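Okay, so here's the structure we're looking at.
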Amino acid sequence: MPELPEVEVVRRGLQRGVVGRTVSAVEVRHPRAVRRHVAGAEDLAGLLLGRRVEDACRRGKYLWLPLDSGDALQAHLGMSGQLLVVPAATPVEAHLRVRLAFTDGGAELRFVDQRTFGGIAVVAGGAPPASIAHIAPDPLDPAFDEDAFVHALRRRRTGLKRALLDQRLISGIGNIYADEALWRAGLHYARATETVRRGEALRLLVAVRAVLGEALQAGGTSFDALYVDTEGVGGRFERALAVYGRRGQPCPRCGTPIRREAFMNRSAYSCPRCQPRPRRPHL
DNA sequence: GCTTGCGCCTGAATGC
DNA sequence: TGCATTCAGGCGCAAG
739 MPELPEVEVV RRGLQRGVVG RTVSAVEVRH PRAVRRHVAG AEDLAGLLLG
789 RRVEDACRRG KYLWLPLDSG DALQAHLGMS GQLLVVPAAT PVEAHLRVRL
839 AFTDGGAELR FVDQRTFGGI AVVAGGAPPA SIAHIAPDPL DPAFDEDAFV
889 HALRRRRTGL KRALLDQRLI SGIGNIYADE ALWRAGLHYA RATETVRRGE
939 ALRLLVAVRA VLGEALQAGG TSFDALYVDT EGVGGRFERA LAVYGRRGQP
989 CPRCGTPIRR EAFMNRSAYS CPRCQPRPRR PHL
């Protein structure tokens, strides 16, 4: 599942693979992949043709490629999206949704997405574009404001994991790294945010940064073939996961079997001993 | 204004 | 064997 580290790996691949190149052809093979581009596939193609890619940027899980027109090609990988930079002769992938060719005749940019939760659009440019103004800075962004985060967190009336997953508060964190960071910080996912002390919030932030940074070093986490870099290669961080997907296996810190609980129609993994349930949980 | 829950999707895994 | 059900989950939006 692409979260911040996985998206950053893709961004770096785009930086190497498409920045400086000019779009020569656009093929939209599935309308759902461009549903965020409300003017439709033809309009999207018209805004891309002849445009040069100037940069590859990211905030949280969003990517955008500023163009020489002042617009930007924005992408979100959703659950299963891939942005691949592959030779034009590469056989068409089963879930290929959009392909872009370039004037130099080199590798194509392909958006492949099995579950079609992701998509691309051309949006008015900016850093970042207005279309993602509601997304908070991510914790690896130099512009990330720790004090603002701590204050906003403690003003919330919700549970700690819900807050971590809310991209308007802090971006880039999904289900996997939320569980991992909470375990590292020794905090329970249902801890009421209004009871979190400043020191605990800062400890959580340290844990978030550590787990995201280590995952990035490992090239991200791949549970199946769904998350890959721009060359189709998966990450290695799943070997380092302490709790996520490890129900019944020993906690790496204390040996207690990891528990899995239903949470927001998905799951929350934690250590019953390292992360004791608060007296007044906020689920 | 803030928080919560749903629907969107496909394929692998599981159940009968 | 084969069909049906469950699960995975980020996001945007509607509802509370």
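Using our numbering, you'd call the opening residue of the first sequence number 739 and step up by one each time.
For each residue, glycine too, the CB sits at the ideal point set by N, CA and C.
Just so it is clear, the structure is predicted and the values come from calculations on it, not from any experiment.
Within 8 Å, strictly: CB atoms of leucine 907 and alanine 874: Pairing leucine 907 with alanine 874 gives a Cβ-Cβ distance under 8 Å.
Tyrosine 1007 - partner residues in DSSP beta bridges: Among the bridge pairs identified by DSSP, tyrosine 1007 is matched with Arg998.
Continuous alpha helix (DSSP H) stretch holding alanine 779: start and end: Per DSSP, alanine 779 belongs to the alpha helix (DSSP H) from 779-786.
Residue(s) in a DSSP beta bridge with histidine 814: Under DSSP, histidine 814 takes part in a beta bridge, and its partners are Tyr800, Gly857.
Counterpart residues of aspartate 851 in DSSP-defined beta bridges: DSSP, once it has assigned bridges, lists Gly819 as partnering aspartate 851.
Residue range of the alpha helix (DSSP H) that includes leucine 1021: No alpha helix (DSSP H) contains leucine 1021, which DSSP labels as neither H nor E.
Reduced DSSP secondary structure (H/G/I, E/B, other) of threonine 968: Note: threonine 968 maps to coil in three-state DSSP.
Straight-line Cα distance separating glycine 993 from alanine 827: Near 51 Å, if we compare the C-alpha coordinates of glycine 993 and alanine 827.
Length of the line joining the Cα atoms of proline 867 and valine 861: Spanning the two alpha carbons is a distance of roughly 7 Å.
Assumed close pair tyrosine 1007, glutamate 744 - CB separation to whole angstroms, cut-off 8 Å: Their Cβ separation, rounded to whole angstroms, is 19 Å, which puts tyrosine 1007 and glutamate 744 out of contact at 8 Å.
Boundaries of the beta strand (DSSP E) in which valine 766 is found, first to last residue: Counted as a single uninterrupted DSSP element, the beta strand (DSSP E) harbouring valine 766 occupies residues 761-766.
DSSP-derived helix/strand/coil call for alanine 930: Three-state result, alanine 930: strand.
Opposing strand residues paired with alanine 862 [DSSP bridges]: Answer is Asp809, bridged to alanine 862.
Opposing strand residues paired with glutamate 1022 [DSSP bridges]: Residue 1022 lies beyond the residue range present for the chain, which begins at 739 and ends at 1021; the question has no answer from this structure.
The region 875-892 in contact with the region 912-928 per 3-pair CB rule at 8 Å: Cβ pair count under 8 Å is below three, so no.
DSSP state of glycine 993 mapped onto helix, strand, coil: Reduced to three states, the DSSP call for glycine 993 is coil.
Runs of alpha helix (DSSP H) lying entirely within the region 903-958, each at least 4 residues, in chain order: The qualifying runs are 913-923, 936-955.
Helix, strand or coil at arginine 754 [DSSP, three-state]: Assignment of arginine 754 by DSSP, reduced to helix, strand and coil, places it in the helix class.
Pairwise C-alpha distance: leucine 898 and arginine 929: Going by the C-alpha atoms only, they are around 5 Å apart.
Distance between threonine 933 and glycine 972 (C-alpha atoms, nearest Å): Using only the alpha carbons, I get a separation of about 39 Å.
Those runs of the alpha helix (DSSP H) which lie wholly inside the region 874-902 and span at least 4 residues: Runs of the alpha helix (DSSP H) inside the region 874-902: 884-893.
Own chain, CB closer than 7 Å to glutamate 918, minus 5 neighbours either side, in chain order: Contacts found: Val949, Leu979, Ala980, Val981, Tyr982.
Exposure label - proline 877; buried when at least 16 CB within 10 Å: Proline 877 sits buried, since 16 or more C-beta atoms from the chains shown fall within 10 Å of its C-beta.
Any 3 or more C-beta pairs closer than 8 Å across the region 742-757 and the region 817-833: In the pairwise beta carbon analysis, the region 742-757 is classified as touching the region 817-833: at least three pairs are separated by under 8 Å.
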